[in-house]
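What follows is a single structure, written as C-alpha cells, with notes after it.
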Amino acid sequence: MILPKPKSIVFNTSKHRYGKCNICGKRTIFWAIDFSGRCFRNSMICFHCGSSARNRHVTLIVTEKILGKAGSQACLSALSALPKFRMLNTDPDGSMAKALGVSEHYLCSGYYPGVEPGKEIRPFVYCQDVSRLTFEDDSFDVVVTEDVLEHVRKSDNAFTEIYRVLKPGGCHVFTIPFFFDKKTLYRVEVIGEEDKVLLPPEYHYDALRGDILSYRTFGIDLYELLDLVGFRTEVHFASFFDHRFGIYDSFVFCSVK
Numbered sequence: 052m053i054l055p056k057p058k059s060i061v062f063n064t065s066k067h068r069y070g071k072c073n074i075c076g077k078r079t080i081f082w083a084i085d086f087s088g089r090c091f092r093n094s095m096i097c098f099h100c101g102s103s104a105r106n107r108h109v110t111l112i113v114t115e116k117i118l119g120k121a122g123s124q125a126c127l128s129a130l131s132a133l134p135k136f137r138m139l140n141t142d143p144d145g146s147m148a149k150a151l152g153v154s155e156h157y158l159c160s161g162y163y164p165g166v167e168p169g170k171e172i173r174p175f176v177y178c179q180d181v182s183r184l185t186f187e188d189d190s191f192d193v194v195v196t197e198d199v200l201e202h203v204r205k206s207d208n209a210f211t212e213i214y215r216v217l218k219p220g221g222c223h224v225f226t227i228p229f230f231f232d233k234k235t236l237y238r239v240e241v242i243g244e245e246d247k248v249l250l251p252p253e254y255h256y257d258a259l260r261g262d263i264l265s266y267r268t269f270g271i272d273l274y275e276l277l278d279l280v281g282f283r284t285e286v287h288f289a290s291f292f293d294h295r296f297g298i299y300d301s302f303v304f305c306s307v308k
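Take the position in the sequence shown, starting the count at 1, then add 51; the result is the number in this note's numbering.
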C-alpha cells in the first residue's frame with residue numbers, strides 16, 4: 052500500500068468506506084486519513100493504488116470530458132488507445148501515471164531544481180517549469196495539474212503557457228486551493244526575480260521537495276484571468292453519486308481552449 056507522507060496522520064476509522072477505485076479498477080477500502088481536520092479531498096486513500104479522493108475526482112473529469120463517460124478503470128485505459136491522443140500530467144509519480152504507464156501518449160513532468168527545463172529525466176518524464184513550458188504549440192489534448200499552481204511564482208504565465216500547448220478544444224483539468232467568496236489572497240508578491248513576503252508563509256508537503264511555499268490561495272478574480280487567456284471554465288463539485296469512487300469534499304476546475 053502506498054501512503055502520502057505528511058507530518059502527522061489521523062485515522063478516522065468510522066469514516067472508512069468501501070467502493071471501487073476508478074484509477075486502479077479494484078474493489079477497495081478507502082482509508083479516511085485526515086491531514087487537515089477539515090475535509091477529505093486529500094484523503095480517502097485507496098488501499099491498492101494509494102490514490103486520494105482528489106486524484107480520483109480529476110480522473111473522473113478527464114474521462115468524462117474526453118470519452119463522454121466516466122467511472123471505470125476501463126475508461127481510463129481507453130484514453131491511451133485513442134489515436135493521436137496526448138496528455139501531460141505534472142505528477143510523474145502519481146496513481147494515474149502508474150495506472151496508465153508513461154508513454155508517447157501520456158507524458159509527465161515535474162519541477163526539478165537545478166535541472167534544465169525540457170530535459171528528459173527518464174523516458175517520457177521531463178523537467179518543466181509550467182510558467183515557461185518547452186513543448187510546442189497545440190501539443191496536448193489534456194493537461195492535468197493537481198495543487199500545483201499555488202506554488203508557481205508566476206501563475207498567470209502558467210495559465211497562458213498551458214493554453215498555448217493545448218490543442219483547440221483541449222482541456223486543462225486542475226485543482227487549486229480556492230476561495231469562492233472572495234478574491235485571491237497573496238501571501239508572497241513576485242517582483243521580477245524577487246519575492247516579497249506579505250503574510251506568514253504557508254508550506255505544503257511535496258514528496259519530491261519536502262515543504263514548498265504557497266504563494267497564494269486563488270479567488271474569484273481567477274475567472275476573469277482565465278477568460279482573458281481564452282479559456283471557457285467550469286467547476287465540478289463532488290456529489291453523493293461520486294462517493295462510490297471514494298470521492299469526497301472535492302472540486303475540480305476544467306478549462307477548455
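C-beta atoms are modelled at their ideal positions from N, C-alpha and C, and glycine is treated no differently.
Query raised in the report: Using a Cβ-Cβ cut-off of 7 Å (strictly less than) and excluding sequence neighbours within five positions of residue 231, which residues of its own chain qualify?
Result: Closer than 7 Å at Cβ, skipping near neighbours: 271.
Query - Limits of the unbroken alpha helix (DSSP H) element including residue 141 - result: Segment: none, residue 141 is in no alpha helix (DSSP H) and carries neither H nor E.
Query raised in the report: For residue 302, which of helix, strand or coil comes out of DSSP?
Result: It is a strand residue.
Query raised in the report: Whose CA, out of 236, 174, 280, lies closest to the CA of residue 159?
Result: With distances taken between Cα atoms, residue 159 lies closest to 174.
Query - Given residue 196 as reference, the closest of 209, 74, 150, 80 once Cα atoms are compared - result: Closest option to residue 196, judged by alpha-carbon separation, among 209, 74, 150, 80: 209.
Requested in this report: Within 10 angstroms of the Cβ of residue 165, are there 16 or more other Cβ atoms? Answer buried if so, exposed if not.
Outcome: Per the 10 Å Cβ criterion, exposed.
Query raised in the report: To the nearest angstrom, how far is it from the Cα of residue 9 to the Cα of residue 106?
Result: Here the chain comprises residues numbered 52 to 308, so residue 9 is not present and cannot be evaluated.
Query raised in the report: Going by the CB atoms, is the gap between residue 134 and residue 172 shorter than 9 Å?
Result: No, the Cβ-Cβ distance between residue 172 and residue 134 is not below 9 Å.
**Report entry** Endpoints, alpha helix (DSSP H) assigned at residue 118
**Finding:** Per DSSP, residue 118 belongs to the alpha helix (DSSP H) from 104-118.
Query raised in the report: When you compare each of 136, 79, 221, 227 to residue 287 by their alpha carbons, which one comes out closest?
Result: Measuring from the Cα of residue 287, the nearest candidate turns out to be 227.
Report task. Please classify residue 295: is it buried, with 16 or more other beta-carbons within 10 angstroms of its beta-carbon, or exposed? Result -> The residue in question, residue 295, is exposed, as its Cβ has fewer than 16 Cβ neighbours within 10 Å.
Query raised in the report: Looking only at DSSP bridge pairs, what is residue 160 linked to?
Result: Among the bridge pairs identified by DSSP, residue 160 is matched with 177.
Query raised in the report: Between residue 182 and residue 65, what straight-line distance do the alpha-carbon atoms span, to the nearest angstrom?
Result: In this structure, the alpha-carbon of residue 182 lies about 42 Å from that of residue 65.
Query raised in the report: Mapping DSSP to helix, strand and coil, what is residue 223?
Result: Of the three classes helix, strand and coil, the one that applies to residue 223 here is strand, per DSSP.
Query raised in the report: Going by the CB atoms, is the gap between residue 161 and residue 176 shorter than 9 Å?
Result: Yes; because the gap between Cβ atoms is below 9 Å, this pair is in contact.
Query raised in the report: Leaving out the 5 sequence neighbours to the left and right, which residues in its chain are closer than 6 Å to residue 285 when beta-carbon positions are compared?
Result: Scanning its chain for C-beta atoms nearer than 6 Å, with the 5 sequence neighbours on each side dropped, one finds around residue 285 the residues 305, in chain order.
Query - Close Cβ partners of residue 170 (< 6 Å) along its chain, the five nearest in sequence each way excluded - result: In the same chain as residue 170, and ignoring 5 residues on each side of it, the C-beta atoms closer than 6 Å to its own belong to 178, in chain order.
Query raised in the report: By how many angstroms is the C-alpha of residue 193 removed from the C-alpha of residue 102?
Result: CA-to-CA, the gap between residue 102 and residue 193 works out to about 20 Å.
Query raised in the report: Is it right to say residue 291 is buried, meaning 16 or more other beta carbons lie within 10 angstroms of its own, or is it exposed?
Result: By the 10 Å Cβ count, residue 291 comes out exposed.
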